[in-house]
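Notes for the one structure printed next.
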Amino acid sequence: MHGRIAIIEYNKKQRFNLFRRGRHFTPEPEIVGTMTRCGYLISNRFDFLPEQAFVIFKKE
180 MHGRIAIIEY
190 NKKQRFNLFR
200 RGRHFTPEPE
210 IVGTMTRCGY
220 LISNRFDFLP
230 EQAFVIFKKE
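Each residue of the sequence shown is one higher than the one before, starting from 180 at the first, in the working numbering.
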């Protein structure tokens, strides 16, 4: 298998945004921890999105 999983999630610490008000978010460390426990490794991490975490995982 050569698949990848991409997760893009809002960061809580970003400034108030009416569009995001009350929306769910998961902190990046929690996402990474969950994916690691499920046997995935970080393949890439991007920071070009100003309000979101963008992480790509691959299977160990």
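Each residue gets a CB set at the ideal place from its N, CA and C atoms; glycine is no exception.
Does the Cβ of residue i have 16 or more other Cβ atoms within 10 Å, making it buried, or fewer, making it exposed?
i	result
Ala232	buried
Phe225	exposed
With DSSP collapsed to three states, give me the class of residue i.
i	result
Glu188	strand
Measure the beta-carbon distance from residue i to residue j and round it to whole angstroms, keeping in mind my assumption that it falls under 8 Å.
i	j	result
Ile221	Ala185	Not a contact, Cβ separation roughly 11 Å.
Lys238	Gly212	That belief does not hold up - the Cβ atoms of Lys238 and Gly212 are roughly 16 Å apart, past 8 Å.
Smallest Cα separation from residue i: which of the options?
i	options	result
Leu228	Arg183, Gly182 and Asn190	Asn190
Glu207	Glu239, Glu188, Thr215 and Arg183	Glu188
Glu230	Thr205, Arg183 and Val211	Thr205
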